[in-house]
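Residue numbers (my numbering): 77 to 361.
Worksheet: the structure to be examined is printed underneath.
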Amino acid sequence: MPAAVSAAASLPLTRDVTALRARAKAMRRHVLRMAEIVGQGYVGQGLGIADGLAVVYFSELRTRPAEPTWPDRDRFVLSIGHYAIGLYAALAEAGIIPVEELSTYGADGSRLEMSAPETTTGVEMTGGSLGHGLTQSVGMALGLRLQGRDARVFNLLSDGECQEGSTWEAALAGAHHRLDRLIAIIDCNNQQADGAPSKVMGIEPLHEKWAAFGWHTQRVSGHDFPALLAAFAQIRATPGKPHAIVVDTLMGRGVKAFEEREKNHFIRVAPDEWALANRQLEETT
Ligand SMILES: Cc1ncc(C[n+]2csc(CCOP(=O)(O)OP(=O)(O)O)c2C)c(N)n1
Ligand SMILES: [Mg+2]
77 MPAAVSAAAS LPLTRDVTAL RARAKAMRRH VLRMAEIVGQ GYVGQGLGIA
127 DGLAVVYFSE LRTRPAEPTW PDRDRFVLSI GHYAIGLYAA LAEAGIIPVE
177 ELSTYGADGS RLEMSAPETT TGVEMTGGSL GHGLTQSVGM ALGLRLQGRD
227 ARVFNLLSDG ECQEGSTWEA ALAGAHHRLD RLIAIIDCNN QQADGAPSKV
277 MGIEPLHEKW AAFGWHTQRV SGHDFPALLA AFAQIRATPG KPHAIVVDTL
327 MGRGVKAFEE REKNHFIRVA PDEWALANRQ LEETT
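Printed below as a string of C-alpha cells:
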C-alpha cells in the first residue's frame with residue numbers, strides 16, 4: 077500500500093503589494109497588542125521587520141499551516157530570538173498558531189516566550205544566543221540537499237549578528253557548498269543593545285562583505301515591497317550561490333513615537349502611551 081499522502085493545504089502565496097501591505101499592517105497590530113499586554117519589549121524590532129516578514133511568509137515560504145512539520149516545508153530560521161514578537165505575529169497571520177494565543181505572549185507558562193523556543197509550533201530553532209542561526213541554517217540546507225528535497229532555508233539575522241565570528245564561518249561554508257537554496261536576510265536597523273553598530277564595532281560595508289564571501293548579495297529597503305519582491309525574484313533566477321539580502325529597516329516603523337526613540341532595543345511603554353501608539357499605527361499608510 078502506498079504511503080499516505082497528506083492532504084494538508086499549502087499556505088496560498090501572493091505577489092500582490094496591496095495584499096502584502098495589509099498582512100504587514102495586521103502583523104503590526106498583533107505586535108502592539110502583544111507588547112501592550114506586557115508593557116515593554118522588543119517592539120521596535122517587531123514593527124521594523126513586519127514588512128520583510130510579510131513578504132517572506134506570504135509571497136515566498138512554502139508551508140502547510142495545518143502540518144507545521146511537513147518535511148518538504150521551507151524553513152524559516154530566526155537567529156535573533158528576541159525578534160520573537162515579530163515571528164509570532166507572522167505565524168498567527170499565517171494560521172500556524174492561533175491569533176487568540178498571542179495574548180499569552182511573555183506570560184509564565186506560555187509557549188510564546190519573549191525569545192522564541194523551537195518547542196513552539198512554527199519555530200525551527202531556539203534563538204537567543206546570537207550568531208548560531210546561520211550555522212544551523214547551513215546544516216539544514218545541506219541536510220535537505222542530502223535528502224533530495226528542494227525546500228529552501230530562509231534565515232533572518234541582524235546587523236548585530238554580523239559581529240559574530242560564527243556568522244562568517246557559516247558564510248564561508250554556505251558559499252563553499254554552493255547552497256543556493258539558502259537565503260540570509262540581514263535586518264540592518266543600525267541598532268544593537270548598546271547603540272549603533274558603527275559605534276560598538278563597525279560592520280559595514282555589508283554588501284561588499286557578503287559578496288566577498290561568495291554570496292549573491294543585494295541590498296534594499298526593508299519597507300519597499302516592490303524592491304523586496306524583485307530581490308526574491310532575482311534570487312529564484314540566480315543558481316549556484318547562497319543568497320544574502322541586506323534589508324535596511326527603521327526600528328518601530330509604523331508608530332511615529334517609537335520610530336523617533338533614540339534607543340529602541342528594548343523599550344518600556346507607559347500605559348497611557350498605547351492609545352497614541354495604536355492611533356499612529358492606524359494613521360500610517
Ligand atoms: C552570543 C550573544 N552575545 C550577546 C547577547 C546579548 N544581546 C542580546 S540582543 C543583542 C543585540 C544584538 O544586536 P541586534 O540583534 O542588531 O540588536 P537590535 O537590532 O535588536 O537592537 C545582544 C548583544 C546574546 N544574546 N548572545
Ligand atoms: Mg540591530
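Note that beta-carbon positions come from the ideal geometry of N, C-alpha and C, so glycine has one too.
What you are looking at is a predicted structure, and each value in this text was computed from that prediction instead of being measured.
Item: Who's in the neighbourhood of ligand 2, going by beta-carbon under 6 Å from any heavy atom, listed in chain order?; Value: S234, D235, G236, N265, Q267, Q268
Item: Hey, S135 and L87 are a contact pair by Cβ (cut 8 Å); roughly how many whole angstroms apart?; Value: Rounded, the Cβ-Cβ distance is 10 Å, inconsistent with contact.
Item: Cβ atoms of L352 and A333: under 8 Å apart, would you say?; Value: yes
Item: Cβ of M103 within 8 Å of Cβ of A142?; Value: no
Item: By how many angstroms is the C-alpha of W291 removed from the C-alpha of E177?; Value: 38 Å
Item: With a CB to CB cut of under 7 Å and the five nearest residues on each side skipped, what residues in its chain are close to F152?; Value: V132, L137, E200, F230
Item: Just grab the DSSP bridge partners of F308 for me.; Value: According to DSSP, F308 bridges with nothing at all.
Item: T139 and D150: beta carbons closer than 8 Å?; Value: yes
Item: Is V322 closer than 8 Å to R262 when the C-beta atoms are compared?; Value: Note that residue 262 corresponds to Ile in the displayed sequence, not to Arg. In contact: I262 and V322 (Cβ atoms closer than 8 Å).
Item: Could you tell me the alpha carbon to alpha carbon distance between E359 and Y118, rounded to whole angstroms?; Value: 22 Å
Item: Who are the near neighbours of S186 in its chain, counting only those whose CB is closer than 6 Å to its CB and skipping five residues on each side?; Value: T180
Item: Find the nearest neighbour of G236 within the set A251, D270, R257, judged by alpha-carbon distance.; Value: D270
Item: Could you tell me the distance, in whole angstroms, from the CA atom of G162 to the CA atom of Q268?; Value: 17 Å
Item: Following a CB-centred definition, is H299 positioned closer than 7 Å to any heavy atom of ligand 4?; Value: Ligands in the displayed structure: ligand 1 and ligand 2; ligand 4 is not one of them.
Item: How many Å lie between G182 and L188 at the Cα?; Value: 6 Å
Item: Determine the burial state of L222: buried for a count of at least 16 other Cβ atoms within 10 Å of its Cβ, exposed for fewer.; Value: exposed
Item: Where in the segment 118-148 do unbroken runs of the alpha helix (DSSP H), each at least 4 residues long, occur, reported from the N-terminal end onward?; Value: 119-124, 126-131
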